[in-house]
Amino acid sequence: MTPATDPHALIYNRLDPEEAKALTAGLLKPCDDGELYLQFVASESFAFDDGRLKVADYSRDSGFGLRGVSGETTGFAHANEITASAIARAGETLQLLDSTKQPHAAAPERTNRHLYTDASPLDLVPFAEKVALLEKIDAVARAKDPRVAQVSASLAASWSAIDIIRADGFAARDIRPLVRLNISIVAEQNGRRETGSFGFGGRYLYDRLFDEGAWMRGVDEAVRQALVNLESIDAPAGETTVLLGSGWPGVLLHEAVGHGLEGDFNRKGTSAFAGRIGERVAAPGVTVIDDGSIAHRRGSLSIDDEGTPTRETVLIEDGILKGYMQDRLNARLMGVEATGNGRRQSYEHAPMPRMTNTFMQSGEDDPDELLSRVDDGIYATSFGGGQVDIVSGKFVFACTEAYKVEKGKVVAPIKGATLIGDGPSVLTRVIGIGNDMTLDEGIGVCGKGGQSVPAGVGQPTLLIDGITVGGTA
53 MTPATDPHAL
63 IYNRLDPEEA
73 KALTAGLLKP
83 CDDGELYLQF
93 VASESFAFDD
103 GRLKVADYSR
113 DSGFGLRGVS
123 GETTGFAHAN
133 EITASAIARA
143 GETLQLLDST
153 KQPHAAAPER
163 TNRHLYTDAS
173 PLDLVPFAEK
183 VALLEKIDAV
193 ARAKDPRVAQ
203 VSASLAASWS
213 AIDIIRADGF
223 AARDIRPLVR
233 LNISIVAEQN
243 GRRETGSFGF
253 GGRYLYDRLF
263 DEGAWMRGVD
273 EAVRQALVNL
283 ESIDAPAGET
293 TVLLGSGWPG
303 VLLHEAVGHG
313 LEGDFNRKGT
323 SAFAGRIGER
333 VAAPGVTVID
343 DGSIAHRRGS
353 LSIDDEGTPT
363 RETVLIEDGI
373 LKGYMQDRLN
383 ARLMGVEATG
393 NGRRQSYEHA
403 PMPRMTNTFM
413 QSGEDDPDEL
423 LSRVDDGIYA
433 TSFGGGQVDI
443 VSGKFVFACT
453 EAYKVEKGKV
463 VAPIKGATLI
473 GDGPSVLTRV
483 IGIGNDMTLD
493 EGIGVCGKGG
503 QSVPAGVGQP
513 TLLIDGITVG
523 GTA
């Protein structure tokens, strides 16, 4: 590791590490819990559109967030200046907290686990090679079919180093790479234009994105989806049987169910799942997991943003609600263990319970057999934007690739289909679970409380007996 990318030097170039520990101990002494969160992050992005490089951005940022927790009250201050004087000024915020005179919450478990490399993706590939890859993607996509009218491709990477210091002397460090490649295609035929897209990434280096087989598959999928949509007919409307594909369609599970299983909503009693531990909340066979400890996945972390090691957390097992995703604050107030789900967007934000990689486990059904059971319905394989009420789980999702199914056969692609329903009800209507669970390709971004964090989703093929479909036919 070169001095330019030494995370310790980047974070502590104006602050002595021992002084940081002493400051934290003094400032957080009257609090139940809290931490000093120090971060350096470098990021870059490139966008190639309409045959030209349109965006080439590079940024560096560093700063700290100081959080103190007393009872249910949080004091938080941040600054983009990592100095002892700035941290001391931030500590004035904590003087507004009322001390509960409780012993300081126990430190997280220590871990030496590393789920990804410490190396920075930004330093390993020259600028010219990044631009050349986007040029090749543009050229290859246009050569695939004369109907390809527009190609957009983008690369993005970040490298973040964090240090977490607690009043009791506990310190934890993580160094997090993240990369992503996105390809979007517009195809045109007889005056009609339709789109297709594909993206992939994770907590690894650029070499996986530059693998020819990987990005060529991305081009093929984006072009295929655009051409499929050129042949689409108007979507039917009304309540119907829906077959959901494996992998990325798990974003519906993430939004419609996942947020309702986060600790804060359940502690406050505002989730549809609040107070229902041990009750049946889904059909038999439905098991939902959140696991931030899967190596290299987009939603994974060696430790969360409070220093707690991530882990596999069973949320629903065979249809029975087993637990919630917890950060330290909500776990302490609910009398349970933290699950490694305390996450924040950056040093400018306080942590809250958030999903990592959330997915439904495989069942025993053959996906082709599930399709054969659809007498009249739709088969949705990809989703775009949607809206969700986190408290109720009510959702509206737009399908970016879906098909009309009649008598167990796919008869035509459809356009304009939206799925409308609520998460808790959808889980009870699952009547078939495929044996093909797949995690998404690594493109998910989760929003909550004004913060965005990388997240993963996944599921097997699912047969659902009745979702309202908003269509155009």
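The opening position of the sequence shown corresponds to residue 53 in this note's numbering, with each subsequent residue numbered one higher. We treat Cβ as the ideally placed atom computed from N, Cα and C, and that holds for glycine.
- Shortest alpha-carbon distance to G496 belongs to which of V93, P336 and S434? In the sequence shown, the residue the question calls residue 496 occupies position 444. If we check each option's Cα against that of G496, S434 comes out closest.
- Below 8 Å on the Cβ atoms is my guess for L167 versus S345; work out the distance and round it to an integer in Å. Reading the sequence shown from its first residue, position 115 is the one you call residue 167. Reading the sequence shown from its first residue, position 293 is the one you call residue 345. About 7 Å separates the CB atoms of L167 and S345; that is less than 8 Å, so the two are in contact.
- Message: Does Q277 pass the burial test, meaning 16 or more other C-beta atoms within 10 Å, or should it be called exposed?
- Response: Position 225 of the sequence shown, counted from the start, is the residue given in the question as residue 277. Its Cβ being crowded by 16 or more others within 10 Å, Q277 is buried.
- Item | Residue from Q439, V521, S424 and G351 whose Cα sits closest to the Cα of E493 | Taking the first residue of the sequence shown as 1, we reach residue 493 at position 441. Per the Cα distances, G351.
- Query: Just curious, the beta strand (DSSP E) that Q511 is in, first and last residue?
  - Reply: The residue given as residue 511 occupies position 459 in the sequence shown. G508 to Q511 is the extent of the beta strand (DSSP E) around Q511.
- Message: Is it buried or exposed, F447, if we count other Cβ atoms within 10 angstroms and call 16 or more buried?
- Response: To locate residue 447, count along the sequence shown from 1; it is residue 395. It counts as buried.
- Message: So, with DSSP's three-state summary, where would you put S284?
- Response: For the purposes of this step, residue 284 is taken as residue 232 along the sequence shown, with counting starting at 1. In the three-state DSSP reduction, S284 falls in the coil class, being neither helix nor strand.
- Contact the region 318-336 vs the region 387-396: 3+ CB pairs below 8 Å: no
- Message: Under DSSP, the beta strand (DSSP E) around I341 begins and ends at which residues?
- Response: Here the question's residue 341 lines up with position 289 in the sequence shown. Residues V340 to D343.
- Query: Residue range of the alpha helix (DSSP H) that E187 falls in?
  - Reply: Taking the sequence shown and counting its residues from 1, one reaches residue 187 at position 135. Looking at the DSSP string, the run of the alpha helix (DSSP H) that includes E187 is F179 to K196.
- Nearest-angstrom Cα separation, counted from A74 out to L296: Along the sequence shown, one-based indexing puts residue 296 at 244. Along the sequence shown, one-based indexing puts residue 74 at 22. Near 54 Å, if we compare the C-alpha coordinates of A74 and L296.
- With a threshold of 16 other CB atoms inside 10 Å of the CB of Y110, please say whether the residue is buried or exposed. Counted from its first residue, the sequence shown places residue 110 at position 58. Y110 comes out exposed.
- Item | Contact the region 197-213 vs the region 93-102: 3+ CB pairs below 8 Å | yes
- Task: Measure the beta-carbon distance from S210 to A347 and round it to whole angstroms, keeping in mind my assumption that it falls under 8 Å.
- Result: The sequence position of residue 210 within the sequence shown is 158, counting from 1. The sequence position of residue 347 within the sequence shown is 295, counting from 1. Not a contact, Cβ separation roughly 18 Å.
- Query: If you run the structure through DSSP and keep just helix, strand and coil, what is S122?
  - Reply: For the purposes of this step, residue 122 is taken as residue 70 along the sequence shown, with counting starting at 1. DSSP places S122 in strand when its eight states are reduced to three.
- Item | Burial state of D215 (16 or more Cβ within 10 Å) | Residue mapping note: residue 215 aligns to position 163 of the sequence shown, counting from 1. Under this definition D215 is a buried residue.
- Query: L305: which of L471, F92, L261 and P69 sits nearest, CA to CA?
  - Reply: For the purposes of this step, residue 305 is taken as residue 253 along the sequence shown, with counting starting at 1. Residue L471 is the option with its Cα nearest to L305.
- Item | Spatially closest choice to P229 from L353, G330 and G484, by CA coordinates | As a position in the sequence shown, residue 229 is number 177, starting the count at 1. In this structure, L353 is the residue among L353, G330 and G484 with its C-alpha nearest to the C-alpha of P229.
- Message: Let me check understanding here. Comparing Cα to Cα, which of L385, A159 and A274 lies closest to I189?
- Response: As a first step, residue 189 must be located in the sequence shown, where it is residue number 137. Per the Cα distances, A274.
- Query: Where do the ends of the beta strand (DSSP E) carrying S212 lie?
  - Reply: Numbered from 1 along the sequence shown, position 160 holds the residue referred to as residue 212. From DSSP, the beta strand (DSSP E) with S212 extends over V200 to I217.
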